[in-house]
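Engineer: Under UniProt numbering, the first residue of the sequence shown carries the number 1, and numbering increases by one thereafter.
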Amino acid sequence: MSLRAFRTLVAIARYRTFARAGEAIGLTQSAVSLQIKTLESEYNVQLFDRSRRQPVLTEAGNILLAQAEQVLALVDRIPDALSDEKKLAGRLRIGAIQTALSGPLPDALLALRAAHPGLRVHVSAGMSAELANRVAAGELDAAITTRPVRPHPAELTWTTLYEDRFWLLAPPDHAERDAVTLLDALPFIRFDAQAWAGRMIAAELRRIGVRVREEMVLDSAETIARMVARGLGAAIVALPDSTLARLPPVTRLPFGQPQMGRAVVLLEHQSRPAERFARALAAEVTASSMRISH
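(1) Write down the C-beta distance between Thr-146 and Glu-268 rounded to the nearest angstrom, noting that I regard them as a contact closer than 8 Å.
(2) For the segment 250-258 against the segment 161-178, are there 3 or more C-beta pairs whose distance is under 8 Å?
(3) Taking contact to mean at least 3 C-beta pairs separated by less than 8 Å, is the segment 207-216 in contact with the segment 240-248?
(4) To the nearest angstrom, how far is it from the Cα of Ala-193 to the Cα of Arg-7?
(5) I'd like to check one pair, Thr-99 with Ala-202: are the Cβ atoms closer than 8 Å?
(6) Count the other C-beta atoms from every protein chain shown that fall within 10 angstroms of the C-beta of His-294, then say buried if there are 16 or more, exposed otherwise.
(7) Evaluate His-122 with the Cβ neighbour count: other Cβ atoms within 10 Å of its Cβ, from every protein chain shown; 16 or more gives buried, anything less gives exposed.
(8) Taking only the alpha-carbon atoms, compute the straight-line gap between Glu-284 and Ala-132 and give it to the nearest angstrom.
(9) Which one of Leu-101, Arg-113, Ala-136, Gly-95 has the shortest CA to CA distance from Arg-14?
(10) Is it the case that the Cβ atoms of Gly-90 and Leu-72 are separated by a distance below 8 Å?
(11) Could you check if Thr-270 is buried or exposed, using at least 16 other CB atoms within 10 Å of its CB as the buried criterion?
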């Protein structure tokens with residue numbers, strides 16, 4: 001049994017081509033093919049339907065894939081199991097939305113590194129829906145995202161970390177106007193409607209019967225705030241308290257009655273939770289967000 005071959009099989013299932021799988025795990029395409037042939041020879045089965053243009057797993061291939069994922073999950077937890085009971089060691093792959101990266105996550109990572117010097121954390125940025133799919137596919141151990149909005153991968157589980165609040169932003173010279181008047185009078189800079197926060201904003205606008213004149217669609221709340229500060233329109237965004245102090249000069253009004261909020265959560269896969277890793281990260285992020293808000 002070769003762990004390298006198991007990792008190769010899992011990579012092909014995730015990336016859908018031998019070439020992309022090889023790039024992800026540092027093998028040439030010919031080496032990827034050799035790893036698969038080794039598995040097929042060892043277990044005397046055909047893992048892929050070779051009549052298809054793209055790699056499609058056979059029934060035997062799907063069975064072996066499920067077993068390989070379980071074996072690799074156990075192997076990847078060995079460093080944690082052998083480490084000091086109070087210390088974490090090994091690798092943790094996490095994703096995070098931009099507001100977490102610019103909010104409590106940096107301080108949380110610094111505290112985590114100081115407490116657990118044997119822990120290696122790899123961080124990548126993305127939108128909530130994208131990160132959720134990567135956790136579901138096993139590409140990330142955990143992710144800090146908005147609480148999932150349906151539809152979302154059914155195999156996810158999550159722990160609430162803190163809450164962002166929704167704000168209506170307008171240029172600084174519009175401080176005396178109410179939210180509905182501002183949205184009616186100014187061009188609207190929309191937060192990406194495909195993002196979970198964007199869906200929440202769109203649903204609330206429909207609920208209160210406000211029609212906006214959309215002129216931009218952006219996927220960064222802080223970029224949107226800069227556009228608003230330059231007088232280019234009004235916007236609705238969700239922001240952590242830590243970001244509010246760094247906003248450029250804008251008019252800021254609570255959005256929603258009562259003000260809308262979104263839970264920021266730590267996502268994990270139900271069948272392969274990061275367990276102690278995730279608990280430690282969640283504790284540090286929660287502590288960091290509380291320090292910032294106070």
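Here a beta-carbon is modelled for each residue, glycine too, at the ideal position from N, C-alpha and C.
Structural biologist: Here's the rundown:
(1) As a first step, residue 146 must be located in the sequence shown, where it is residue number 146. As a first step, residue 268 must be located in the sequence shown, where it is residue number 268. So it is not a contact: roughly 15 Å between Cβ atoms.
(2) yes
(3) No contact exists between the segment 207-216 and the segment 240-248.
(4) Start at 1 with the first residue of the sequence shown, and residue 193 comes out as number 193. Start at 1 with the first residue of the sequence shown, and residue 7 comes out as number 7. If you draw a straight line from the Cα of Ala-193 to the Cα of Arg-7, it is about 36 Å long.
(5) Position 202 of the sequence shown, counted from the start, is the residue given in the question as residue 202. Position 99 of the sequence shown, counted from the start, is the residue given in the question as residue 99. Judged by their CB atoms, Ala-202 and Thr-99 are not nearer to each other than the 8 Å cut-off.
(6) Against the sequence shown, residue 294 aligns to sequence position 294. With a pLDDT of 48 at His-294, under the threshold of 50, the modelled position of this residue cannot be trusted; read the value that follows with caution. Around the beta carbon of His-294, a 10 Å sphere encloses fewer than 16 other beta carbons of the protein chains shown; the residue is thus reported as exposed.
(7) Residue mapping note: residue 122 aligns to position 122 of the sequence shown, counting from 1. Using a 10 angstroms sphere on the CB of His-122, the tally of other CB atoms stays under 16, which defines it as exposed.
(8) Locating residue 284 in the sequence shown gives position 284, where the first residue counts as 1. Locating residue 132 in the sequence shown gives position 132, where the first residue counts as 1. Each residue's Cα considered, the two are about 21 Å apart.
(9) Indexing the sequence shown from 1 puts residue 14 at position 14. Closest by alpha carbon: Ala-136.
(10) As a first step, residue 90 is located in the sequence shown; it is residue number 90 there, counting from the start. As a first step, residue 72 is located in the sequence shown; it is residue number 72 there, counting from the start. In this structure, Leu-72 does not lie closer than 8 Å to Gly-90 by Cβ.
(11) One-based indexing of the sequence shown puts residue 270 at position 270. Residue identity differs from the one stated: residue 270 is Gln in this sequence, not Thr. It counts as exposed.
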